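Encoded as structure tokens, the structure appears first; notes follow it.
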Amino acid sequence: MSEKSDPNASTPSRTRFRLFVPILAGATLRERMVACLGALIGIGLTGLVCALVLGRDSHFPLLVAPMGASAVLLFAVPSSPLAQPWAIVGGNTLSALAGVLVGYAVPEPIIAAGVAVAMAIAVMTFARCLHPPGGAAALTAVLGGPVIVKWGLLFPLVPVALNSCILVGLGVLFHRLSRRAYPHVAPAQPVNTHGTSDLPSPLRVGFHKEDIDAALAKVDESFDIDRDDLERLLKEVELQAAIRSHGEISCADIMSRDVIAIRPQSTQQEALSLLLRHNIRVLPVTDDDGHLLGTVGLRELVGEGDHISEVVSTPATASPLAPAVSLLPVLTDGRTHAVIIVDSSRHVLGLISQTDLLSAVGRQT
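According to our numbering, the sequence shown is numbered sequentially starting from 107.
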């Protein structure tokens, strides 16, 4: 069979760029380059700050080797539970302390090395600060030689804890400047906006947290991802599968084009009259040229103010070419009743209500 007709044959471009295929889920070349820059800045400045604070002493390490591994986690996978501030500071410091204590108690270096790493894992587990470089910190404390012996019980604090704190502080600043969320916090779960005991509508169908726990117990392995992040990822997988199944329906296909809008200088009474007359729940607020400024509905009209400009809210928008099913998370959040379809200049093209989307998806089922 020729290479051209072999469906399993690798394409030249795939083979040529194999080295650039991400080794981590979601990784991109840009993300790796940002990580390299972060590590360069983080490690360099950590050493510089320690030198300024402690002075240059040939018998004293300004940086300990585990900081290099900590920098890999901090800048390359900042969302990992192993890369969070307490994991870095607590994991390195407690592991170094375990190594120092084992070094005093066990005179044989080979045995001490194994015991130190085992103790480090145990301490980090119970302290909820598991951090792989902590194992290296424990080994450094046991096998570090005269320099470590000289500093004794001070070694876990200076330089290990000092290095860790400075590196984490620089990491927080770097990620903020590069617009990454660190320390990582999973987005909040949807809440019921109606003040009742029912679950929010997105959580009433599909899998629940109990299902994730059961699956993790069944697989019986540890994964380097926060449980809440895992749930968010699986929800997104469900959405992408729905988009793939119904992707041929675009927002332009189902949107209402004769949109009832209102100007910001109109009164609240005029807005209420339009809502009731046309039996709709949301009015786009536009300028004289039809550009979207916001939306107003019954929720906004119960507030204080005479004119619409005083109560206008931020609109939910989408492109006319976007898959209609991609609006599901927005239109099921319990607050948003319609998405305004706009062009690149925010000129209003149409509107998709919950009813519009439900009708379109129902026909495809």
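Glycine included, every Cβ here is placed at the ideal spot set by N, Cα and C.
Treat the numbers as computed from the prediction; the structure is a model and nothing was measured.
- Query: For Pro-293, which three-state DSSP category applies?
  - Reply: coil
- Applying the criterion that 16 or more other CB atoms from any shown protein chain within 10 Å of the CB defines a buried residue, is Phe-329 buried or exposed? exposed
- Can you name the start and end residues of the beta strand (DSSP E) that Gly-396 belongs to? That residue, Gly-396, is in no beta strand (DSSP E); it is neither H nor E in DSSP.
- Task: With a threshold of 16 other CB atoms inside 10 Å of the CB of Gly-150, please say whether the residue is buried or exposed.
- Result: exposed
- Query: Mind checking whether the beta-carbon of Leu-249 lies closer than 7 angstroms to any heavy atom of the ligand ADP?
  - Reply: The ligand content of the structure shown is nil, which means the ligand ADP is not present either.
- Task: Take Ile-360 as the anchor and find which of Leu-179, Asp-462, Leu-336, Gly-161 has the nearest alpha-carbon.
- Result: Asp-462
- Query: On the three-state DSSP scale, how would you describe Ala-115?
  - Reply: In this prediction, Ala-115 has a pLDDT of 45, which is less than 50 and means its spatial position is unreliable; what the coordinates show is noted afterwards. Reduced to three states, the DSSP call for Ala-115 is coil.
- Item | Bridge partner(s) assigned by DSSP for Pro-390 | Thr-401
- Taking buried to mean at least 16 other C-beta atoms within 10 Å of its own C-beta, is Glu-406 buried or exposed? buried
- Message: Please state whether the Cβ-Cβ distance between Phe-232 and Ile-147 is less than 8 angstroms.
- Response: no
- Could you spell out the range, first to last residue, of the beta strand (DSSP E) harbouring Ala-444? 444 to 448
- CB-CB under 7 angstroms to Tyr-288, same chain, minus the five flanking residues each way: which ones, in chain order? Pro-184, Gly-277, Val-278, His-281
- Where Ala-466 falls: helix, strand or coil (DSSP): helix
- Give the secondary structure of Gln-460 by DSSP, where H, G and I count as helix, E and B as strand, and everything else as coil. helix
- Message: Quick check: what's the CA-CA separation for Ser-415 versus Val-436?
- Response: 24 angstroms
- For Ala-424: DSSP bridge partner residues: Ile-447
- Item | Contact set for Thr-392: own chain, Cβ-Cβ below 8 angstroms, skip 5 residues either direction | Ala-367, Ile-368, Arg-369, Leu-398, Leu-399, Val-454
- Message: Measuring alpha carbon to alpha carbon, tell me which residue in Ala-228, Leu-434, Thr-423 is nearest Lys-341.
- Response: Leu-434
- Mind pulling the beta strand (DSSP E) runs of 3 or more residues that sit fully within the region 309 to 369? none
- Could you please give the first and the last residue of the uninterrupted alpha helix (DSSP H) stretch that includes Phe-261? Run containing Phe-261: none; DSSP gives neither H nor E here.
- Since I believe Ala-171 is in contact with Ala-202 (beta carbons under 8 angstroms), could you give me their beta-carbon distance rounded to a whole number of angstroms? Incorrect: roughly 11 angstroms between the Cβ atoms, too far for contact.
- Task: Return the chain-ordered list of same chain residues with a C-beta closer than 6 angstroms to the C-beta of Ala-267, the five sequence neighbours on each side being excluded.
- Result: Thr-199
- Which word fits His-314, buried or exposed, when buried means at least 16 other C-beta atoms lie within 10 angstroms of its C-beta? exposed
- Proximity below 8 angstroms, CB of Leu-168 to CB of Pro-265: yes
- Message: Please return the same chain residues whose Cβ sits closer than 6 angstroms to the Cβ of Ser-111, not counting the five positions on each side in sequence.
- Response: With a pLDDT of only 42 at Ser-111, under the threshold of 50, the placement of this residue in the model should not be trusted; the figure read from the coordinates follows. Around Ser-111: no qualifying Cβ.
- Residues of its chain near Ala-348, where Cβ-Cβ distance is below 6 angstroms and the 5 sequence neighbours each way are ignored: Val-431
- Bridge partners of Thr-373, per DSSP? His-413
- Cβ neighbour criterion (16 or more within 10 Å) applied to Ala-177: buried
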